[in-house]
Amino acid sequence: MENLGPAVTKLLEELNPFAVLGKGAAPGVELAKNAVVLTNYSFFLIVAVALTAIFFLIASRRMTLVPKGIGNIGEWGVEFVRNNIVLDVMGSEGVKYLPFIVTVFFAVLFNDFLGLIPGMKPGTGTLGTTFAWGIMVFVVYNWVGIKKHGLWKYLKSFLPAGTPLVLAPFIYLLEVISHVLRPFTLGVRLYANMYAGHIVLGIFGIFVVMAAAALGPVTAVVAGLSLAMQIVMYAFEVFVAFIQAYVFAILTAVYMNGAIHAGEH
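Numbering that gives the first Met the number 0 applies: residue 0 is where the sequence shown begins, and numbers increase by one.
Written out as structure tokens, the structure reads:
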């Protein structure tokens, strides 16, 4: 196992983005400053978005009273988001925002699942992507709040009713900071879970290869246990991918519900 260090280093390098189109389009080639390129993660992000669109186009192509095949899966997914996220968090008032939250849920889900296929990368595997999605949610829920309450009333709602005057500036500042940090907490939560999962899967894969190459009864046991753990972790990663999509969508619903009912508590 003396080569574990270089193998882990190689694994971490493989998880780094590299250009597949544009200047420096080769693994291991450092990207030039301000270079406009298509990275491996960006490429699979586009693939995941395309698959999401194709999935719903096929699912909605033949609408029947009792949907079948992909249509049945699509309907189940929409009903899951509506019943377990939108209605639970926002009530009937949130149904008008269902298309946005369904899109968020499935976009994250397809990206996460795509990254579990060997040789592919999740679009959610870079902070740039997850931060961008967090900022998108931030813009949308604040826009919803401003549209309903007006800019001044919405901004005033950041200060809880009954706050002592002497504490008002500090409480208001903390509330503003809390709102500004939301895109980053959304982004880090989504990115960190997927990145950590890929590292764990990669390390168990390294154990399997290195132990099998060494031969011997002890290394055979190590290889067998590592392979078993990799299978268990892979199944767990499938579960985590779904949970991450659920958490991202439900936090989106929570933020939107807060903006809709700003100043009512």
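All C-beta atoms, glycine included, are put in the ideal place defined by N, C-alpha and C.
Presumed contact (8 Å Cβ cut-off) between residue i and residue j, rounded CB distance
i	j	result
Thr51	Ala106	6 Å
Gly93	Val85	5 Å
Tyr40	Lys120	5 Å
Phe43	Gly122	6 Å
Ile170	Pro182	Ile170 to Pro182, Cβ: 22 Å. No contact.
Gly186	Phe130	4 Å
Ile45	Ala58	Actually they do not touch by this definition, with Cβ atoms about 20 Å apart.
Ala276	Phe104	The chain is shown only over 0 to 264; residue 276 falls outside these bounds and no answer can be derived.
Asn141	Ala258	6 Å
Inter-residue Cα distance where the pair is residue i and residue j
i	j	result
Val239	Leu189	10 Å
Val101	Trp132	14 Å
Leu180	Glu174	10 Å
Gly124	Gly114	8 Å
Val77	Lys147	26 Å
Ala265	Val253	No answer is possible for residue 265: it lies beyond the span of the chain, which begins at 0 and ends at 264.
Val36	Leu126	17 Å
His178	Val143	14 Å
Thr162	Pro98	37 Å
Gly118	Leu172	46 Å
Trp75	Ile69	10 Å
Phe157	Ile116	43 Å
Glu164	Val231	Looking at the sequence shown, residue 164 is not Glu but Leu. Spanning the two alpha carbons is a distance of roughly 55 Å.
Ile145	Lys155	11 Å
Ser91	Thr251	16 Å
Arg60	Leu166	57 Å
Met0	Leu56	Low confidence applies here, because Met0 scores a pLDDT of 47, under 50, leaving its location unreliable and the question unanswered by this model.
Phe235	Thr128	23 Å
Trp151	Val237	44 Å
Met89	Thr184	21 Å
Ile53	Ile176	39 Å
Ala49	Pro168	46 Å
Cβ pair residue i, residue j closer than 8 Å
i	j	result
Ala47	Phe109	yes
Asn96	Met255	Per the sequence presented here, residue 96 reads as Tyr, with Asn not at that position. In contact: Tyr96 and Met255 (Cβ atoms closer than 8 Å).
Distance cut-off 7 Å: residue i Cβ against heavy atoms of the ligand NAP
i	result
Ile230	Summarising the ligand content, the structure contains no ligands, and the ligand NAP is consequently not present.
Within 8 Å, do at least three Cβ pairs link the segment 132-152 to the segment 226-244? For the pair of segments examined, the segment 226-244 was found not to touch the segment 132-152: the number of CB pairs separated by less than 8 Å stays below three.
Which full runs of the alpha helix (DSSP H) of 4+ residues lie inside the segment 104-163, going along the chain? DSSP runs (the alpha helix (DSSP H)) wholly in the segment 104-163: 126-148 and 150-155.
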